[in-house]
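So for the sequence shown, this note's numbering puts the first residue at 2; every next one is plus one.
Quick notes on the structure that follows.
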Amino acid sequence: MSNTDDCPEGTQTPYKYEVRKTEIHRDPKIKEWVLKQANGICECCDEKAPFEKDDGSPYLEIHHLKTLVDDGSDKASNAIAVCPNCHSELHHGINRHTQLEKMYSKVERLIKE
Ligand SMILES: [Zn+2]
Ligand SMILES: [Zn+2]
Numbered sequence: 002m003s004n005t006d007d008c009p010e011g012t013q014t015p016y017k018y019e020v021r022k023t024e025i026h027r028d029p030k031i032k033e034w035v036l037k038q039a040n041g042i043c044e045c046c047d048e049k050a051p052f053e054k055d056d057g058s059p060y061l062e063i064h065h066l067k068t069l070v071d072d073g074s075d076k077a078s079n080a081i082a083v084c085p086n087c088h089s090e091l092h093h094g095i096n097r098h099t100q101l102e103k104m105y106s107k108v109e110r111l112i113k114e
């Protein structure tokens, strides 16, 4: 049974606003190298990348274990290539601290910062 009576109305024309934000530079060579190590397989769950990009390469995301905002380094010893699901879990999941520890013991090149 579905009841849509309480569905919020939403907005036909949501307004736009500008946000100023500071981005941290990431070395493209690190990203490339880490992706190559992963070879299309998520370093967290060992599943194949969920899809390919326009250029046919597998889609994985780079996650910095100690985040760059927290002054983590942009080095291969602090970065992993993960699928979007694992990436979100590493940021927002209730078990993210356990996941983080798991990554440190799973991926040899990682060094705790
Ligand atoms: Zn994964
Ligand atoms: Zn991340």
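Cβ coordinates follow ideal geometry from the N, Cα and C atoms, glycine included.
Near ligand 1: residue i beta-carbon under 7 Å from a heavy atom
i: CYS84; result: yes
i: GLU62; result: no
i: GLU48; result: yes
Enclosing beta strand (DSSP E) for residue i [first to last residue]
i: HIS65; result: 62–65
i: ALA50; result: Note, ALA50: premise wrong, no beta strand (DSSP E); not H, not E.
i: VAL83; result: 80–83
Straight-line Cα distance separating residue j from residue i
i: ASP6; j: ASP72; result: 48 Å
i: CYS8; j: HIS92; result: 29 Å
i: LYS76; j: PRO59; result: 21 Å
i: GLU53; j: ALA39; result: 14 Å
Span of the alpha helix (DSSP H), counted from its first residue to its last, around residue i
i: ILE31; result: 29–39
i: THR99; result: 97–107
Check: residue i C-beta below 7 Å from any heavy atom of ligand 2
i: HIS91; result: The question names His, but residue 91 in the sequence shown is Leu. LEU91: yes, Cβ under 7 Å from ligand 2.
Closer than 7 Å: residue i CB and nearest ligand 4 heavy atom
i: CYS8; result: This structure lacks ligand 4; the ligands present are ligand 1 and ligand 2.
Outcome for residue i when other beta-carbon atoms lying within 10 angstroms are tallied against a minimum of 16
i: ASN79; result: buried
i: MET81; result: Correcting the residue identity first, residue 81 is Ile in this sequence and not Met. With 16 or more other Cβ atoms within 10 Å, it is buried.
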